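Engineer:
Protein chains: 2
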Amino acid sequence: MRASTYPLVDAAEAAALVLERTPVLPAEDVALADCPGRALTDDLIAPAQLPPFAASAVDGFAIRSADGGGRLRVAGESAAGRPFTEDLPAGAAARILTGGVLPPGADTVVMVEEVEQGDGWVTVPGGFPAGRNFHRPGDDLRQGEVVVARGEPLGPAEVGLAAALGFPQLRVHGRPRVALMSTGDELVEVGQRPGPGQIVDSNRWALLAALAEAGAAVTLLGVAPDRPEPLRELVVDALRHHDVLVTSGGVSVGTHDLVKPLLESLGEVHLGRVRLKPGKPFTFATLPSGRLAFGLPGFPVSSLITFEVFVRPALRKMLGFARTQRPALPVRMGYDASAAGDRTEYQRVALRREGGELVAVSTGSQSSSRLMSLAGAHALVKVPPGGTGIAAGTVVEAIILSLPI
Amino acid sequence: MRASTYPLVDAAEAAALVLERTPVLPAEDVALADCPGRALTDDLIAPAQLPPFAASAVDGFAIRSADGGGRLRVAGESAAGRPFTEDLPAGAAARILTGGVLPPGADTVVMVEEVEQGDGWVTVPGGFPAGRNFHRPGDDLRQGEVVVARGEPLGPAEVGLAAALGFPQLRVHGRPRVALMSTGDELVEVGQRPGPGQIVDSNRWALLAALAEAGAAVTLLGVAPDRPEPLRELVVDALRHHDVLVTSGGVSVGTHDLVKPLLESLGEVHLGRVRLKPGKPFTFATLPSGRLAFGLPGFPVSSLITFEVFVRPALRKMLGFARTQRPALPVRMGYDASAAGDRTEYQRVALRREGGELVAVSTGSQSSSRLMSLAGAHALVKVPPGGTGIAAGTVVEAIILSLPI
């Protein structure tokens with residue numbers, strides 16, 4: 004057994020290195036239903052204006068405003084999809100329904116609540132102004148306008164706009180295909196009873212959830228074989244069909260660790276140790292094919308924190324997002340956070356509202372094996388290495404995982 | 004054509020009524036992989052402690068601390084899953100790997116970096132304290148501790164904890180099955196060229212994205228038939244196999260609207276008009292079976308805002324979440340928001356960071372047909388009815404849809 008010979012790399016430097024080596028995935032055409040959570044490869048430009056025609060905003064009567072104050076003959080109806088196509092004669096009104104086309108000649112719409120109706124006639128108030136209660140062509144969107152910028156997340160409104168403009172599919176960046184593998188002789192499947200010294204493989208399920216949330220398509224490889232040759236075969240095959248390999252465990256310096264030597268033989272190991280707490284044995288490699296391999300430490304918190312710091316931003320970059328990082332908000336420290344020697348520490352905190360402020364409360368023992376420190380955590384507070392940590396009362400930028408109500 | 008006879012109900016009152024009439028869905032057992040985004044029906048209690056045994060936090064040597072300072076014989080190895088089961092003799096050390104069981108008799112672990120190794124021996128520093136570098140049984144979780152409370156969202160850490168405790172599946176509330184239908188003679192399918200007065204059915208895709216984000220399982224029914232009998236058959240059948248029907252369009256007072264009369268004949272229409280802008284013609288009905296029907300207005304922004312105000316909280320309640328509302332944060336108004344007569348208005352805003360504050364910037368024209376007002380919107384600002392609106396500079400609680408970086 005020997006101490007690791009990998010240099011200890013500063014956490015921020017390591018994160019920058021990973022992002023730099025991460026490719027943006029190629030374009031693919033995706034049906035609207037599958038577009039949410041993706042990012043466009045190019046700005047979406049409106050090929051036409053919206054609405055395409057003058058459309059009533061209400062149910063009522065389309066008239067010439069000059070005819071207000073009199074009893075008007077009802078000359079017909081303009082329902083959505085069934086326009087009144089002739090010129091509206093002077094002294095006449097057309098029934099119009101919400102979404103209906105404003106008939107040629109009409110210049111205003113009177114709401115049904117404001118008229119008096121009879122058999123074939125309608126009386127509208129006098130002095131009713133022109134230009135009321137309808138949307139003009141181009142009011143909602145001008146032709147040539149940027150509807151959604153490349154790299155922005157596609158959500159309900161963006162997808163709705165694309166549909167309204169006639170795009171049944173959009174060109175977005177590919178979704179990273181990730182192969183997920185656990186390593187460790189001590190692991191048993193969930194549902195099996197662990198023997199002496201054994202534990203359940205829990206990282207698989209935590210990382211599967213984290214990968215899916217980040218937008219990856221995940222293949223579960225299960226627990227890795229504990230002999231070098233079958234392991235090599237599995238990994239080589241997985242990296243043929245996936246953009247990313249994520250392993251957890253098997254990256255510390257124990258004599259039984261097989262992951263790092265394998266990655267060294269397959270490609271270039273850029274990182275083998277980082278000044279990060281938890282997560283020091285984090286490993287990152289690239290293959291000649293451009294594919295990525297992340298070796299996450301085996302302790303549950305270490306695996307999820309290194310996922311947050313290194314893997315999630317890489318996946319977001321692959322997906323083509325302009326912003327690869329989680330949002331940050333100022334929070335007031337509700338406790339003294341001590342520094343972790345020469346390592347950047349990501350402390351897990353719950354957030355509480357106090358007046359207009361968010362206050363960070365520790366989730367308890369920050370041990371790398373204590374997953375309860377992440378359960379219900381709303382944010383991560385980055386405590387810089389060295390120095391005296393962060394005193395209670397200080398306002399810091401916290402990395403937001405979720406918001407309390 | 005007549006004005007609506009439904010009473011105008013205050014928006015907050017209407018939202019409370021919807022929630023009150025919304026059932027929580029029954030329990031189902033779901034595999035861990037499908038648990039993220041669900042909520043437990045009962046608190047998850049730890050049936051055993053974690054870790055189950057004293058486990059090394061590092062790679063190194065397990066010793067009796069009293070033996071520090073001397074050269075110790077290496078008596079064996081305790082690797083993860085392959086414990087050293089005998090009593091560690093005095094004057095001896097056991098190689099121990101991260102996650103390995105602390106051998107009986109050993110009371111501390113010395114990191115590999117701190118020792119000198121030879122052939123079958125190891126020298127450890129003198130005065131090395133007991134209790135270092137290992138996790139005690141129960142350190143991470145005590146037996147009987149509440150791991151995840153009912154009603155809390157299940158994420159990576161929660162799912163990982165459940166796996167570590169041996170649960171391959173969890174009992175969660177059901178996922179709402181939603182049938183989504185568009186109505187309107189003017190609608191054509193995306194990809195088809197609209198004729199005069201026609202528009203593309205865009206609400207289907209926007210609402211599909213919004214429903215999926217809220218956690219619903221959606222069936223697309225397409226555009227509704229425009230005759231009463233086929234429409235009735237479709238709706239009756241859909242409500243046999245779904246918990247919720249969501250329609251968009253067809254709920255204003257036009258002579259061709261079929262949705263409200265149909266819902267009246269099938270169940271009880273509780274709401275037919277609300278004091279909400281946009282979204283006044285919002286309709287809500289319950290069926291004798293307990294199933295829900297939401298009639299959303301046809302204008303794109305109206306349909307998404309009524310979804311946010313009424314449908315999303317109902318879906319979150321069905322899923323069993325303790326919190327049914329989106330998070331709120333204080334934001335400073337960056338513009339003057341005028342009040343919309345007697346209606347509560349949900350204005351769409353982008354958020355900008357200015358120092359420690361979030362500042363709300365209007366997304367432009369707030370017309371109910373202008374979906375661009377929701378594209379890239381980070382939050383909704385609720386402007387109360389009557390009065391003078393909200394002046395620039397005022398701090399309000401905004402409903403957060405997403406956060407800027």
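Respectively, the protein sequence lines represent chains A and B. Under this note's numbering, think of the first position of the first sequence as 4, with each following residue one higher. Under this note's numbering, think of the first position of the second sequence as 4, with each following residue one higher. Even for Gly, the Cβ is constructed at its ideal location relative to N, Cα and C. None of the values given here were measured: they were computed from a predicted structure.
1) Do Thr101 of chain A and Pro132 of chain A have their C-beta atoms within less than 8 Å of each other?
2) Kindly indicate the opening and closing residues of the beta strand (DSSP E) around Glu271 of chain A.
3) Distance cutoff 8 Å, beta carbons only. Does Leu295 of chain B sit that close to anything in chain A?
4) Look at the alpha carbon of Phe313 of chain A and the alpha carbon of His244 of chain B, and state the distance between them as a whole number of angstroms.
5) Quick check on DSSP: helix, strand or coil for His138 of chain A?
6) What residue from B:Tyr349, B:Ala19, B:Arg67 and B:Val272 has the CA that sits closest to Gly293 of chain B's CA?
7) Would Leu299 of chain B and Arg346 of chain B be called neighbours here (beta carbons separated by less than 8 Å)?
8) I'd like the list of long-range same chain contacts for Leu210 of chain A, defined as Cβ closer than 7 Å, with 5 residues on each side in sequence excluded.
9) With 8 Å as the threshold, decide whether the Cβ of Phe287 of chain A is near any Cβ in chain B.
10) Are Pro228 of chain A and Leu237 of chain A closer than 8 Å when you measure CB to CB?
11) Anything in the region 157-170 of chain A with a Cβ closer than 9 Å to a Cβ of chain B? List those residues in chain order, please.
12) Please list the residues of the region 135-148 of chain B that have a C-beta atom closer than 9 Å to any C-beta atom in chain A, keeping them in chain order.
13) Hey, which unbroken runs of the alpha helix (DSSP H) at 4 residues or more fall wholly within the region 171-254 of chain B?
14) With a threshold of 7 Å on Cβ separation, who are the neighbours of Cys38 of chain B within its own chain once the five nearest residues in sequence on each side are excluded?
15) Compile a chain-ordered list of the residues in the region 191-209 of chain B whose CB is closer than 9 Å to at least one CB of chain A.
16) Closest to Glu148 of chain B by C-alpha separation, out of A:Val384, A:Ala378 and A:Gly389, would be which residue?
17) Since Ser59 of chain A and Gly103 of chain A are thought to touch, with beta carbons under 8 Å apart, how far apart are those beta carbons, to the nearest angstrom?
18) How long is the line joining the alpha carbons of Leu91 of chain A and Gly123 of chain A, rounded to whole angstroms?
19) Which bits of chain A does Gln328 of chain B rub up against, with CB to CB less than 9 Å?
20) Closer than 8 Å by C-beta to Ser205 of chain A: which residues in its own chain qualify, once you throw out the five before and the five after it? Chain order, please.
21) Can you tell me where the beta strand (DSSP E) holding Thr286 of chain B begins and where it ends?
22) In the DSSP assignment, the beta strand (DSSP E) including Leu332 of chain A goes from what residue to what residue?
23) Helix, strand or coil for Arg85 of chain A? Go by DSSP, reduced to three states.
24) With H, G and I counted as helix, E and B as strand and the rest as coil, what does DSSP make of Arg145 of chain A?
25) Count the other CB atoms within 10 Å of the CB of Glu189 of chain A; is the residue buried (16 or more) or exposed (fewer)?
26) Let me see if you follow: with CB-CB separation under 8 Å, is Val150 of chain B close to chain A or not?
27) Taking a contact to mean a Cβ-Cβ separation below 8 Å, would you say Thr327 of chain B touches Val262 of chain B in this structure?
28) Could you tell me whether any Cβ in chain A is nearer than 8 Å to the Cβ of Thr309 of chain B?
29) For the beta strand (DSSP E) holding Thr126 of chain B, just list the boundary residues, first then last.
30) Which residues does DSSP pair with Thr366 of chain A in a beta bridge?
31) Does DSSP put Phe131 of chain B in a helix, in a strand, or in coil?
32) Could one say the Cβ of Asp90 of chain B lies closer than 8 Å to chain A's Cβ atoms, at least one of them?
33) Taking the alpha carbon of Phe297 of chain A as the point to measure from, which residue in A:Asp339, A:Ala17 and A:Gln201 has its own alpha carbon closest?
34) Please state whether the Cβ-Cβ distance between Val118 of chain A and Phe64 of chain A is less than 8 Å.
35) Specify whether the region 32-50 of chain A and the region 344-363 of chain B touch according to this definition: at least 3 beta carbon pairs, one from each stretch, less than 8 Å apart.
36) Quick one: is the Cβ of Val12 of chain B within less than 7 Å of any heavy atom of the ligand NAD?
Structural biologist: Answer, in terms of the structure:
1) Locating residue 101 of chain A in the first sequence gives position 98, counting from the first residue. Locating residue 132 of chain A in the first sequence gives position 129, counting from the first residue. In this structure, the beta-carbon distance from Thr101 of chain A to Pro132 of chain A does not fall below 8 Å.
2) Working through the first sequence from its first residue, we reach residue 271 of chain A at position 268. Here the beta strand (DSSP E) through Glu271 of chain A covers Glu271 to Leu274.
3) One-based indexing of the second sequence puts residue 295 of chain B at position 292. In terms of beta-carbon proximity, Leu295 of chain B stays away from the interface with chain A, with every pair separated by 8 Å or more.
4) Here residue 313 of chain A is taken as the residue at index 310 of the first sequence, counted from 1. Here residue 244 of chain B is taken as the residue at index 241 of the second sequence, counted from 1. Their Cα atoms are separated by approximately 43 Å.
5) Taking the first residue of the first sequence as position 1, residue 138 of chain A is located at position 135. Secondary structure at His138 of chain A: strand, using DSSP grouped into helix, strand and coil.
6) In the second sequence, residue 293 of chain B corresponds to position 290, counting from 1. Relative to Gly293 of chain B, the option among B:Tyr349, B:Ala19, B:Arg67 and B:Val272 whose CA is nearest is B:Val272.
7) Taking the second sequence and counting its residues from 1, one reaches residue 299 of chain B at position 296. Taking the second sequence and counting its residues from 1, one reaches residue 346 of chain B at position 343. Contact: no.
8) For the purposes of this step, residue 210 of chain A is taken as residue 207 along the first sequence, with counting starting at 1. Leaving aside the five residues that flank Leu210 of chain A on each side, the residues in its chain whose CB is nearer than 7 Å to its CB run, in chain order, Leu183, Val249, Ser251, Ser306 and Phe310.
9) Translated into positions along the first sequence, residue 287 of chain A becomes position 284. Interface with chain B (8 Å Cβ-Cβ cutoff): Phe287 of chain A is excluded.
10) Here the question's residue 228 of chain A lines up with position 225 in the first sequence. Here the question's residue 237 of chain A lines up with position 234 in the first sequence. For the 8 Å CB-CB criterion, Pro228 of chain A and Leu237 of chain A form a contact.
11) Those would be Leu157, Gly158, Pro159, Ala160, Glu161, Val162, Gly163, Leu164, Ala165, Ala166, Ala167, Leu168, Gly169 and Phe170, in chain order.
12) Those residues of the region 135-148 of chain B that come within reach of chain A (Cβ to Cβ, closer than 9 Å) are His138, Asp142, Asp143, Leu144 and Glu148.
13) Fully enclosed alpha helix (DSSP H) runs of 4 or longer: 206-217 and 231-244.
14) Residue 38 of chain B sits at position 35 when you count from the first residue of the second sequence. For Cys38 of chain B, same chain residues with a beta-carbon under 7 Å away, outside a window of 5 residues either side, are Leu157, Val162, Leu173 and Val175 in chain order.
15) Residues of the region 191-209 of chain B with a C-beta atom less than 9 Å from some C-beta of chain A are Val191, Glu192, Val193, Gly194, Gln195, Arg196, Pro197, Gly198, Pro199, Gly200, Gln201, Ile202, Val203, Asp204, Ser205, Asn206, Arg207, Trp208 and Ala209, listed in chain order.
16) In the second sequence, residue 148 of chain B corresponds to position 145, counting from 1. When only C-alpha atoms are compared, the closest one is A:Ala378.
17) In the first sequence, residue 59 of chain A corresponds to position 56, counting from 1. In the first sequence, residue 103 of chain A corresponds to position 100, counting from 1. Their Cβ separation, rounded to whole angstroms, is 5 Å, which keeps Ser59 of chain A and Gly103 of chain A in contact under 8 Å.
18) Residue numbering aside, residue 91 of chain A sits at position 88 when the first sequence is read from its first letter. Residue numbering aside, residue 123 of chain A sits at position 120 when the first sequence is read from its first letter. So the alpha carbons of these two residues sit roughly 15 Å apart.
19) On the second sequence, position 325 is the one that residue 328 of chain B refers to. By Cβ distance, chain A contributes Ile408.
20) Looking up residue 205 of chain A in the first sequence gives position 202. Answer for Ser205 of chain A: Val193, Pro303 and Leu374, listed in chain order.
21) Sequence index remark: in the second sequence, residue 286 of chain B carries index 283 (1-based). Membership of Thr286 of chain B in the beta strand (DSSP E) is indicated by the continuous run Thr286 to Thr289.
22) In the first sequence, the residue the question calls residue 332 of chain A occupies position 329. Run containing Leu332 of chain A: Ala331 to Met336, per the beta strand (DSSP E) assignment.
23) Within the first sequence, numbered from 1, the residue matching residue 85 of chain A stands at position 82. Arg85 of chain A: strand per DSSP, three-state reduction.
24) For the purposes of this step, residue 145 of chain A is taken as the residue at position 142 of the first sequence. Correct three-state label for Arg145 of chain A: coil.
25) As a working note, residue 189 of chain A is residue 186 in the first sequence. With 16 or more other Cβ atoms within 10 Å, it is buried.
26) Locating residue 150 of chain B in the second sequence gives position 147, counting from the first residue. So, interface residue.
27) In the second sequence, the residue the question calls residue 327 of chain B occupies position 324. In the second sequence, the residue the question calls residue 262 of chain B occupies position 259. Val262 of chain B sits away from Thr327 of chain B, with the two beta carbons spaced by 8 Å or more.
28) Counted from its first residue, the second sequence places residue 309 of chain B at position 306. No, Thr309 of chain B does not count as interfacial toward chain A.
29) To locate residue 126 of chain B, count along the second sequence from 1; it is residue 123. Thr126 of chain B -> beta strand (DSSP E) spans Trp124 to Thr126.
30) For the purposes of this step, residue 366 of chain A is taken as residue 363 along the first sequence, with counting starting at 1. Thr366 of chain A pairs with nothing; no bridge assigned.
31) As a working mapping, residue 131 of chain B is identified with position 128 in the second sequence. Correct three-state label for Phe131 of chain B: coil.
32) Here residue 90 of chain B corresponds to residue number 87 of the second sequence, with the count starting at 1. So, not an interface residue.
33) Within the first sequence, residue 297 of chain A is the residue found at index 294, counting from 1. Proximity to Phe297 of chain A across A:Asp339, A:Ala17 and A:Gln201 peaks at A:Ala17, based on C-alpha coordinates.
34) Locating residue 118 of chain A in the first sequence gives position 115, counting from the first residue. Locating residue 64 of chain A in the first sequence gives position 61, counting from the first residue. Yes, Cβ-Cβ distance for Val118 of chain A and Phe64 of chain A is below 8 Å.
35) A contact is defined here as three or more CB-CB pairs under 8 Å, and the region 32-50 of chain A fails this definition with respect to the region 344-363 of chain B.
36) As for the ligand NAD, it is missing from this structure, which has no ligand bound.
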